[in-house]
Amino acid sequence: MNGQANGDATHTVDPSRERLQIINDEKQFTQDLTKQIERWGLRDAGFNYNIVSVFGSQSTGKSTLLNGLFGTTFDVMDETRRQQTTKGVWMCKAQDMNVMVMDVEGTDGRERGEDQDFERKSALFALASSEVLIINLWEHQVGLYQGANMALLKTVFEVNLGLFGKKTGGVEQRTLLLFVIRDHIGTTPLANLSATLSQDLHRIWDGLSKPEGLKDCQLEDFFDLAFTGLPHKILVPEKFQAEVNGLRRRFVEKEKEDYLFKPAYHKRIPADGVAFYMENIWEQVQSNKDLDLPTQQELLAQFRCDEISAGALVEFNEQAKSQRRPIESGKVIEGLGKMMRSWRAQALDRYDRDASRYHQGVYKRKRADLISTMDATLSPLFLGQLKNLHKACLSTFKRAVLDGLKGDDYSFTDVVGQARAKCEGAFEQGAKEAVVEEDTSEWNWEEELTLLKEEIGNVADQCRKDETKKMVNMIERNFKKQISEPVDLYLNQATPDMWDKILRAFRETLDKAEATYMTKAKSFNCTDEENEAFLADLRKRAWLALRAKIDEQTADAAFLGKLRAYFEERFRYDEHGVPRVWRPDDDIEGIFKKAKDQTLDLIPLYSKIAPVDPSLAYTLPSSSSDTLTSSDEFDFPATLIVFSEVKAVDITNRFRRDADAYFVEAKRSTVSSVAQIPVWMYGVLIVLGWNEAMVVLFNPLYFAMLLLLLASAWTILKLGLVGPLLQVTQTVGGEVNRQVQNRLREHFSQPVLTEPVRTRPLEDAMEDDGVAKEVRRRRAEPL
């Protein structure tokens, strides 16, 4: 009846303050919560909302407290009739706050009597779904076990650990238990009441039957405790309202230190998923049988099954521990799956032998717990074995690929394919052997195989790229060898179509290099994009190699040598290639100017790569891919300039100086030819020396000496002794000359006196014997 009244009331209030019964007294969860959240305007709130609920004994003013704190519209008890007001679980939105408030049916009500099933389930639901759980109790209930709902809290805590401990354990998802002590008159300080409640809660927590993995957890790992007192609502209404307002401030003012909705309490469920989240929690609570009070037979079975299970786990853990260190060190254990299945079977056999005689429901449940505990111990070994298999197989794959790529005659696709098949087969075989139980998601190894395949693909791609780079480098080296000779030849010929010949040879050689790459790239399974990138880089490398060769041939010294050779060919040789012997009547100036002008015309030809045939002009995009070089930008037009205008002027000036020297040399040769002995003089010498020649020829002695001299000269020439003989003659002549000079210098040098003799001047000596006057007279006479 009351539920219906509440339902009717929802149509008479503002939609933002409507309340909804989310769980009725028949333990059914409503299907309208999603729509109601949208009516409250919270569907798009994301994480910007909070959930609070109240828990406590019936008729302790829980609804009144919520209405005063959050401005909700829950029905309150008629104080003239002490009866149940709230049935099931109701929810309402707080006034001016993004807070969903739950009012839970009170405990220990006479309407339900000894049926405590809904009390336990609703309390567990509120605990699991709320950020802040307000526990409402009277001051005189503090210190009581049943009156303060400690027994109910113990059951709820224990089941909460089993159901939601793994989800809500830790700092990130805790729950605040806010104890509101009603009718606090101040005789007993709030601190003492808080200490009593804290001690009771810790004592309850220490006595819980905690699941495996949470044996050492503490109350503070899951819950924070807060305490506040409220004065009597009837006797001191003003103080009551003031304290309620102060408590409301703690739910509103986020910047305050005592703010209650801390981020650690939020369940991190978006507002549009709250309905589904709460429905799932209620289904888990509904399906949990631990909330039912066990029979004595079940209690005994629980105790004995736990004891038997613990005994079986002792031996099992010792066996599993022996293989933990090798697995952690990265070793692949042969036959690990067989060992793990044997350990598991032995433990289950021991448990089944001793525990199957007890209550079958408890026996099976505890058996499942035992299997879960053993699987939790074996799972790290299984996963470690998979990781080690992964690493071992990947290492084997790398070695196999590198060994297969040695030499020149290999197919990259075949090498990688064979190594991949062997690697994946070895992993799959080892993974299947390590599985403890088939057809269960816990022993799934396919995900690790997928990761292995990805890494194998990455390694294969890297090897393919490395091999492709090696291939490109080899093609580049061959290209440099093939292009070197044509470039040298055509640059030394210096014809007007010189660049046409060079670019034609460059294109032919580059086409061969590209064809070689495409032929070899087929075995690498390169994509079209990769082939395009590598070919673009090969073209760039080829062009840079050509430019390097051109730079080598057009360096300052080499280029000046070419200019000098070209100039000499036209200045020192005639059109038939015969060396010129300059005569005074030759037009040296004209020939010099013509040769120099022709040579200077070569400088513009060499300064820029500009073919006569436009079809031979080579282009390279500036945005070409550069996978093998470190440069970020490539200015292709700049590479067409061999040397700048400044350098061309410098080369021109330097060549002019060299050409002027050749001109001066030619002029000197004409002067020397004019100063030569006349030809008729040779005739005079023959006539005048005829008699002496006849004397030598017809005199046996002179003729014999002439033959001896001629024979000696012929022998010296044949033996190549002219140079050494001249060297010896020069050395001997030089030494004789030096010795003669030394002798003459010693002979004409003044003698050195061993002791200085003090003498008077010559004039003084002459005055003594009367000769001084004569000497002075002679000196004064003119020459």
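For the sequence shown, my numbering gives the first residue as 39, with consecutive numbering after it.
Every residue, glycine too, gets a C-beta built ideally from N, C-alpha and C.
Predicted model, so just to flag it, every value in this text is computed and none were measured.
- About 32 angstroms separates the beta carbon of residue 292 from that of residue 242, a gap too long to meet the 8 angstroms contact definition.
- A direct Cα-to-Cα measurement between residue 307 and residue 81 gives close to 12 angstroms.
- Look at residue 272 here: in three-state DSSP terms it is coil, with no helix or strand label.
- A residue is called buried once 16 or more other Cβ atoms fall within 10 Å of its Cβ, and residue 621, having fewer, is exposed.
- Nearest Cα to residue 314 within the set 394, 74, 268, 498: 74.
- Under the three-state reduction of DSSP, residue 216 is assigned to strand.
- The three-state reading of DSSP puts residue 135 in coil, since its state is none of H, G, I, E or B.
- By the criterion of a C-beta distance shorter than 8 angstroms, residue 498 is surrounded in its chain by 439, 454, 458, once the five residues flanking it on both sides are discounted.
- Using a Cβ distance threshold of 8 angstroms, residue 680 and residue 587 do not count as a contacting pair.
- Setting aside the 5 residues that flank it on each side, residue 370 is surrounded in the same chain by 423, 426, 427, 430, 468, each with a C-beta closer than 8 angstroms to its C-beta; the list follows chain order.
- At a cut-off of 4 residues, the continuous stretches assigned as alpha helix (DSSP H) that sit fully inside the stretch 521-563 are 536-559.
- About 7 angstroms separates the beta carbons of residue 600 and residue 532, which is inside the 8 angstroms limit, making them a contact pair.
- Going by DSSP, residue 176 is part of no alpha helix (DSSP H) but of the beta strand (DSSP E) stretching over 170-176.
- In the structure shown, the three-state DSSP call for residue 752 is helix.
- Of 395, 344, 549, the smallest CA-CA separation from residue 248 is found for 344.
- Contact between residue 174 and residue 92 is confirmed by a C-beta separation of about 6 angstroms, below the 8 angstroms threshold.
- Between residue 107 and residue 157, the C-beta gap is not smaller than 8 angstroms, which leaves the two residues out of contact.
- A check of alpha carbon separations from residue 678 across 180, 643, 703 identifies 643 as the nearest.
- Residue 576 is positioned such that its CB atom lies no closer than 8 angstroms to that of residue 604.
- Between residue 487 and the set 432, 164, 309, 257, the nearest pair of CA atoms involves 432.
- Counted as a single uninterrupted DSSP element, the stretch harbouring residue 94 is not any alpha helix (DSSP H) but the beta strand (DSSP E) occupying residues 88-94.
- The beta carbon of residue 602 lies closer than 7 angstroms to those of 696 in the same chain, with the five residues before and after it left out.
- Sequence-distant Cβ neighbours of residue 250 in its own chain, meaning closer than 7 angstroms and more than five residues away, are 411.
- Across the set 417, 109, 436, the C-alpha of 109 shows the shortest separation from the C-alpha of residue 282.
- The residue from 163, 285, 312 with its alpha-carbon nearest to that of residue 299 is 285.
- Within the model, the alpha-carbon separation for residue 404 versus residue 379 is close to 19 angstroms.
- According to DSSP, residue pairing for residue 264 in a beta bridge involves 216.
- Distance from the Cα of residue 435 is smallest, within the candidate group 508, 493, 624, 613, for 493.
- Put simply, the backbone Cα of residue 747 is about 15 angstroms away from that of residue 763.
- Put simply, of 553, 145, 742 the residue whose alpha carbon is nearest the alpha carbon of residue 95 is 145.
- In this structure, residue 142 keeps its C-beta atom at 8 angstroms or more from the C-beta atom of residue 132.
- Taking C-alpha positions only, residue 377 is separated from residue 484 by approximately 21 angstroms.
- In the three-state DSSP reduction, residue 305 falls in the coil class, being neither helix nor strand.
- Here DSSP, grouped into helix, strand and coil, assigns residue 128 to strand.
- The beta carbon of residue 464 sits closer than 6 angstroms to those of 431, all from its chain and outside the five residues before and after it, given in chain order.
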